[in-house]
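Peer 1: Dropping a structure here in structure tokens format, bear with me for questions.
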Amino acid sequence: MNDHGIKPELEIYDTGMINTAKLLSAQGVFKQPIHLQFVMVGRTDFSPTQKPLSTVLKKYNRSGLGVYAVSAEQSYSCVISP
25 MNDHGIKPEL
35 EIYDTGMINT
45 AKLLSAQGVF
55 KQPIHLQFVM
65 VGRTDFSPTQ
75 KPLSTVLKKY
85 NRSGLGVYAV
95 SAEQSYSCVI
105 SP
């Protein structure tokens with residue numbers, strides 16, 4: 025992928041997957057910035073509510089990986105403080 029300039033989008037289904045993305049980036053598998061898609065669905069206990077979203081964004085912001093987007097099964101409204 026790197027040889028052809030391909031930038032993958034990594035889908036994150038739980039917080040541990042952020043650590044895996046960081047490890048793979050450190051090993052050179054993915055070049056930064058990486059695009060992460062946080063897929064927040066209740067089936068994985070990664071629900072799109074304020075506490076899990078706040079936790080994952082704090083952890084992600086410390087990772088230095090790149091950009092992110094959030095998707096959920098349904099709409100939720102919450103406020104996240106930096």
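Taking this note's numbering, I'd label the letters of the sequence shown as residues 25 to 106. Virtual Cβ for every residue (Gly too), placed ideally from N, Cα, C.
Let me make sure I understand the geometry here. Which of 56, 38, 44, 37 has the alpha-carbon closest to that of residue 26?
Peer 2: Stepping through the sequence shown from its first residue, residue 26 is reached at position 2. Answer by Cα proximity: 56.
Peer 1: At the level of alpha carbons, what is the spacing between residue 48 and residue 39?
Peer 2: The residue you call residue 48 lines up with position 24 of the sequence shown. The residue you call residue 39 lines up with position 15 of the sequence shown. Those two C-alpha atoms are separated by around 15 angstroms.
Peer 1: Let's see if you can read the secondary structure: which residues bound the beta strand (DSSP E) around residue 58?
Peer 2: Taking the first residue of the sequence shown as 1, we reach residue 58 at position 34. Looking at the DSSP string, the run of the beta strand (DSSP E) that includes residue 58 is 58-64.
Peer 1: Does the Cβ of residue 45 lie closer than 6 angstroms to at least one heavy atom of the ligand ATP?
Peer 2: The ligand ATP is absent from the structure shown, which contains no ligands of any kind.
Peer 1: Quick one: does residue 74 have its CB under 7 angstroms from some CB of chain B?
Peer 2: Structure shown: chain B not included; a single protein chain is present.
Peer 1: For the alpha helix (DSSP H) holding residue 36, just list the boundary residues, first then last.
Peer 2: Translated into positions along the sequence shown, residue 36 becomes position 12. First-last for residue 36: 33-36, but that is the beta strand (DSSP E), not the alpha helix (DSSP H).
Peer 1: Of the choices 62, 54, 41, 77, whose alpha-carbon is the least far from that of residue 28?
Peer 2: Numbered from its first residue, the sequence shown carries residue 28 at position 4. Among 62, 54, 41, 77, the Cα nearest to that of residue 28 is on 54.
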